[in-house]
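Reviewing the structure listed below.
There are 4 protein chains.
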Amino acid sequence: MTMEFGRRLRLGLFGTSHGPEVGVTIDGIPAGTPIDRAAIQADLDRRRPVGRRLATRRQEEDLLVVDGGVSDGRANGSTFRAHVANTDVRREPYDKLRDTPRPGHADYPARVRYGEAADLSGGGIFSGRMTVGLVIAGAIAKGLLRPRGLEVVAYTRTIGPVDAAAPEGMDPAEIARRSREHEVGSVDPAAAERMAEEIAAARRAGDSLGGIVEVRAYGAPVGLGEPFFDSLESVLAHAYFSVPAVKGVEFGAGFASVRLRGSEHNDPFVFRDGQVRTETNRAGGILGGLATGMPIVARIAVKPASSIAVRQRTVNLATRQPAEIVVTGRHDPCIVPRAVVVLEATTAAVLADLALVGGFLA
Amino acid sequence: MTMEFGRRLRLGLFGTSHGPEVGVTIDGIPAGTPIDRAAIQADLDRRRPVGRRLATRRQEEDLLVVDGGVSDGRANGSTFRAHVANTDVRREPYDKLRDTPRPGHADYPARVRYGEAADLSGGGIFSGRMTVGLVIAGAIAKGLLRPRGLEVVAYTRTIGPVDAAAPEGMDPAEIARRSREHEVGSVDPAAAERMAEEIAAARRAGDSLGGIVEVRAYGAPVGLGEPFFDSLESVLAHAYFSVPAVKGVEFGAGFASVRLRGSEHNDPFVFRDGQVRTETNRAGGILGGLATGMPIVARIAVKPASSIAVRQRTVNLATRQPAEIVVTGRHDPCIVPRAVVVLEATTAAVLADLALVGGFLA
Amino acid sequence: MTMEFGRRLRLGLFGTSHGPEVGVTIDGIPAGTPIDRAAIQADLDRRRPVGRRLATRRQEEDLLVVDGGVSDGRANGSTFRAHVANTDVRREPYDKLRDTPRPGHADYPARVRYGEAADLSGGGIFSGRMTVGLVIAGAIAKGLLRPRGLEVVAYTRTIGPVDAAAPEGMDPAEIARRSREHEVGSVDPAAAERMAEEIAAARRAGDSLGGIVEVRAYGAPVGLGEPFFDSLESVLAHAYFSVPAVKGVEFGAGFASVRLRGSEHNDPFVFRDGQVRTETNRAGGILGGLATGMPIVARIAVKPASSIAVRQRTVNLATRQPAEIVVTGRHDPCIVPRAVVVLEATTAAVLADLALVGGFLA
Amino acid sequence: MTMEFGRRLRLGLFGTSHGPEVGVTIDGIPAGTPIDRAAIQADLDRRRPVGRRLATRRQEEDLLVVDGGVSDGRANGSTFRAHVANTDVRREPYDKLRDTPRPGHADYPARVRYGEAADLSGGGIFSGRMTVGLVIAGAIAKGLLRPRGLEVVAYTRTIGPVDAAAPEGMDPAEIARRSREHEVGSVDPAAAERMAEEIAAARRAGDSLGGIVEVRAYGAPVGLGEPFFDSLESVLAHAYFSVPAVKGVEFGAGFASVRLRGSEHNDPFVFRDGQVRTETNRAGGILGGLATGMPIVARIAVKPASSIAVRQRTVNLATRQPAEIVVTGRHDPCIVPRAVVVLEATTAAVLADLALVGGFLA
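Chains A, B, C and D are the protein sequences, given in the same order. As numbered in numbering that gives the first Met the number 0, the first sequence has no gaps in its residue numbers, which increase by one up to the final residue, 361. As numbered in numbering that gives the first Met the number 0, the second sequence has no gaps in its residue numbers, which increase by one up to the final residue, 361. As numbered in numbering that gives the first Met the number 0, the third sequence has no gaps in its residue numbers, which increase by one up to the final residue, 361. As numbered in numbering that gives the first Met the number 0, the fourth sequence has no gaps in its residue numbers, which increase by one up to the final residue, 361.
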């Protein structure tokens, strides 16, 4: 199995949804890098379900425990390790689902592949809870990137039918501030309210909703990324698609570029404040897989959460008969708001890794 | 630089757009695997620009030369190597662009990153011509997968405003046949004609068009893929985004899943011919990063080609003044039809690699 | 930094000598593999200093704590993690050595490379204590290999001037039994006593001794290993030389082969009990980097422990003057007996990894 | 199969002994690095059998052909590729050996592992001829290292019973000059003559001889290497043991350290010309896996060549009867002199890779 990622900043996720804990090991943090526990905890808190209207009833403190790799608040050259405890685990709801795979979940292919030995309770290693380790890694990565002027922010762009883009010129600090202000993570207060209503409606129906997270990275050094197979888009998309429920990724104009002509899509180069910039940013800050110096812009589609309270059709693998199930665990009607910090963190971890690979952090 | 991909089936691309040749080394082909040169050449021919209406005027035979790794028509356990010659290279058009980076191309970030030493003529290693190696690898991978009942096909789904999906039940052989019949690669004759007209119009305007390629893989064994970081979506997207001009990737319902509720998006499990299947396939054949046994469905957005004949604004890096350029090389008004075989090949190479990783080809 | 090893069975060591703990994460243990905690603890106990005559006075229980990856006594598909606490840490002796690097230790190059931020107390990640993780991994690997008839044993071959080889035909179980019987790990009782006397003499002089560990692996499937860069010798030696204090590795006749002619060194093939075997085993069970079916035989030279009580000359990096130091920590006069289980474990981990790579455990 | 090596300077060997060619691809040479074809050819010439007395009768020009990655004499950022033709291939002698594996060769385990499909003619990918690619890579690596003051030299230390060490203070240029002067590669003219006589005697007997190559690397930056699994010793030994016929590797005092006490083995630190140095160099320039600034010293044991003209016993795998063979190909009575440049090159390639990993070439 493959719980590792990165070339120079090597992440290893550990734990399972319903085991005692989840966490991350990180190899390759340059010795001396400040490790800001408060900043990590703040991001872990952003990942927790917050408002009553929107959240799972699974309530966990998700308190950061650093197990190693830090001396006097700085990376000390040994493997960094940290975890949070799984404190609110109720295994029963999953046990009865053993023979009746839940639609939309990994249950069926995981059982075929790994057999009875695999711990699939709560989704096992396929659970969104594994992203705790990404959030921890991302907070450390942001600490590596910020002193070099590289800032990563994310916000909820779309929930179901409601779409609200941050204006292109909006300051990253402003995006960060606004997206934290409202529990759905939107930067537009009016849209945020409509999004929350959509989520509440889905919740009342025992159903779920999907959405789109937009990530922007400002200040990436020109040339960051590696040609061809380790292009910025390749490595970012690889990491994004590892996050459970992600089903689409686009950069810059993305799928909309299909309806533009080349003359409309190409971004003209200009000088701005003595720097080479592009007038527009349809490329999403990436040409040839390398950073152009413009903001890196990615949009990630998150499917509606698979765990819903409505009755669903499935099969009984033991009896080989049709079956019905109602998934009774505690689940979010919409995981998009919680995915914001996860995808922001994932972006930071990838950019820090590529910055180390390319010698940009030397 | 990173011209390598794969864990067990290791591809290494070599050459540059305007060097003597481009090609691929492949490590890890099981000894004894039949290597069908005619099939490889057929795929290379599909990658070549065909009709006068649609194509670049750069004309190359792209004749396959196998340099090693094959004995008596079978992989012999040593590194496979093959190339095609670059026979129609005209370097001049690029040389004058040295100080004026072309909008939409890698010129600017590549020059900042790699300096004068980088060979960027014709795009260097950032050129679409590097995909020749992917096509060769994909043809070999298809030969590995086919005996296990795994078939990969691709077709042009969208060109500019014209979209035509293959019906969900269409046979893969039929998709393959139809997409080869019309030069644009569509499976719908009427749509194909409209697509061709759109391309011709863009060509007349000295402009370019983008589009969407849809890839389908039939017969993947249940459980193919690795959890989390090497999920099917992760590794496929990684490879897709390495292909120049790709700016978006989605699986199954993809970005459209955002507007569905969970109850609409979850695919109910059913028995069909004694097999566990899903009634619908919004998951695109992938749950938890593993194959479900349903067709794997990916859509890849290809931006309008960056090389256009219309005058564009840029900067002169030497004089640090605004500048204008007209890119006079020979270029395609729409690369989507040629990307079909590239993305089909890329898919096959990834699936074969993951099948080797997972022990499915043992 | 690079605390990871293996392609399919991926080890990640964590902790530091004087931090709260040391341990290992293991990715890639096939789900369902039995995890025998008693066997792991037994190997950890073998690694502990035993007799008063021979050991460091640093006394730690080294009790195994399994943190994840196991359900109902079997690997469950998530990352395996385990650690032992560092309970007997005294930091002072090391702090005063900050400016006066200890001869024979990593202090000086580590400080130049990693600066003040590196945690070098007790050797940090350069300490022999990091091998705890190897022992844990090796015990699990032995559990993977044994059901396939592959048995790994090691013993103390040489201490200082005393050399005692196990007879070629000695049964692996007998080697294992005997080497556990005497605290020095020799299979020859008389030699063991002489070895113990040599160690005791060195201890009395405040000095240290080196030696040679011999590892034998029985029952490796013919063909195990990968050609060229992942030859059995290459991967084994890579891992052996990671173990602190190892300065030489040889297989089969090794350095002594230099004095043989080819006709003496080549092992004639014969049939024995219907199996292809070689009459002699100068190849140490490896030809062309692949297992021949004969016992794999490796000898590993362990230098005399660097920490000694006698006064040594060094430099003061702060004052840039010559200096003298006496290393007052608690140290072994001879680490060879404790290295036996470490190198046995390392061998098992490598063979299990290569067996997974080659499909021998499918 | 695994024909690749390195993390940042990625080598891929291709070809087979009796195919049309052998060569190497190299990914990761910094763009702009001078590629000195004459220096590469000079090293290829050193690898060729030279004197009539000592050499195989297989005579090949081994003329370097650079296939890509170079523009105007410098690495251009695309994959470097080069090969030499196999011009003097006679396949017959091998074909008759198909069922009677040659003692000392990979024939038997390779056939068990890879079956009939593997091309084992002339040893296939197990042949010493594959080291042509290492020599090419090493020559380029030396060009990367030399401007940073890092010089790698190797010489024949031992042939059969004749051992002649270069004095510790001998200048690297002098070692290089002397080892090139006499065909056996020794730095001691009298010993060289005795070595040549030993080889000639073995040749007359239809037999072969082994020996030891000593490699020294001067000027490695303090701290080069990575902790634990990518220690200098680990990565160097990994690469050395990939070279066919290598059966032992030691650094510094190596196996002899076993007979020293710690007080004799530890190298005292001293200031010399204002630099931290050690008075002796029993550590072979490596502590804790990192370079100390002293010369890196490795000795590599090369077994007597397996191909000998005397009658040998083997088995017939088809008839399952005992058999005898006489290997009639053209072979070296002693490959040690030719291994000198191969191991020197291997060392340079590893050091350049680790220097790139550690940021020492930035």
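Glycine is no exception: its CB is placed at the ideal position from the N, C-alpha and C atoms.
Using a Cβ-Cβ cut-off of 8 angstroms, residue 290(C) does not count as an interface residue toward chain B, since no Cβ of chain B sits closer than that to its own. Between the stretch 129-141 of chain B and the stretch 342-351 of chain B there are three or more inter-stretch CB-CB distances shorter than 8 angstroms, so the stretches are counted as touching. In terms of Cβ geometry, residue 333(D) and residue 211(D) do not form a close pair [threshold 8 angstroms]. Under the criterion of beta carbons closer than 8 angstroms, residue 85(D) and residue 22(D) do not qualify as touching, at roughly 10 angstroms. Taking a C-beta cut-off of 7 angstroms against chain D, the contacting residues of the stretch 260-277 of chain C are 260, 261, 262, 264, 265, 266, 267, 268, 269, 270, 275, listed in chain order. Of all residues in the stretch 106-126 of chain C, the ones placed with a Cβ closer than 7 angstroms to any Cβ belonging to chain A are 113, 114, 116, 117, 118, 123, 124, in chain order.
In this structure, DSSP gives residue 314(A) an extended state, which the three-state scheme calls strand. 8 angstroms or more divides the Cβ of residue 262(C) from the Cβ of residue 71(D). The DSSP assignment places complete beta strand (DSSP E) segments of no fewer than 3 residues inside the stretch 172-223 of chain D at 210-217, in order along the chain. Between residue 339(B) and residue 216(B), the gap from beta carbon to beta carbon reaches 8 angstroms or more. Per DSSP, reduced to three states, the secondary structure at residue 135(C) is helical. Under the rule that a run must span 3 or more residues, the beta strand (DSSP E) segments found entirely inside the stretch 262-329 of chain C read 268-271, 274-277, 295-301, 311-315, 320-324. At a cut-off of 8 angstroms between C-beta atoms, residue 26(B) counts as an interface residue with respect to chain D. In this structure, the CA atom of residue 34(D) is about 6 angstroms from the CA atom of residue 74(D).
Taking the Cα of residue 237(A) as reference, the smallest distance to any Cα among 227(B), 243(B), 244(B), 245(B) is reached at 227(B). Annotated three-state conformation of residue 1(C) is coil, per DSSP. Residue 248(C) places its beta carbon 8 angstroms or farther from that of residue 288(D). Taking residue 305(D) as the centre and dropping the five residues before and after it, the same chain places the C-beta of 103, 104 closer than 6 angstroms to its C-beta, in chain order.
Residue 25(B) is positioned such that its CB atom lies no closer than 8 angstroms to that of residue 63(B).
For residue 224(A), there are no neighbours in chain D by C-beta distance under 9 angstroms, as the nearest C-beta there is about 14 angstroms away. For residue 250(C), a Cβ of chain D is located within less than 8 angstroms of the residue's own Cβ.
Partner residues in the beta bridge of residue 25(A), as assigned by DSSP, are 10(A), 79(A).
When DSSP reads this structure, residue 33(A) sits in a beta bridge with 73(A). Residue 250(C) is classed as buried because its beta carbon has at least 16 other beta carbons within 10 Å across all chains shown. With distances taken between CA atoms, residue 2(C) lies nearest to 77(A) out of 178(A), 344(A), 204(A), 77(A).
Taking a C-beta distance under 8 angstroms as the contact criterion, residue 341(D) and residue 69(D) do not qualify as a contact pair. Contact annotation: residue 252(C) and residue 281(C) have beta-carbon atoms nearer than 8 angstroms.
For the 8 angstroms CB-CB criterion, residue 8(B) and residue 355(B) form a contact. Apart from the 5 residues on each side of it in sequence, residue 291(A) sits with its Cβ closer than 7 angstroms to the Cβ of 221, 277, 282, 284, 285 in its chain, given in chain order. For residue 354(B), none of the residues of chain C pass the 8 angstroms Cβ criterion, the least Cβ distance being about 12 angstroms. Here residue 182(D) is buried, its C-beta having at least 16 other C-beta atoms within 10 Å. Looking at the backbone, the Cα of residue 160(A) and that of residue 177(A) are separated by about 21 angstroms. Residue environment analysis places residue 122(B) among the buried positions, since at least 16 neighbouring C-beta atoms fall within 10 angstroms of its C-beta. Setting aside the 5 residues that flank it on each side, residue 267(C) is surrounded in the same chain by 278, each with a C-beta closer than 6 angstroms to its C-beta; the list follows chain order. For residue 150(D), the uninterrupted beta strand (DSSP E) run begins and ends at 150-158, by DSSP.
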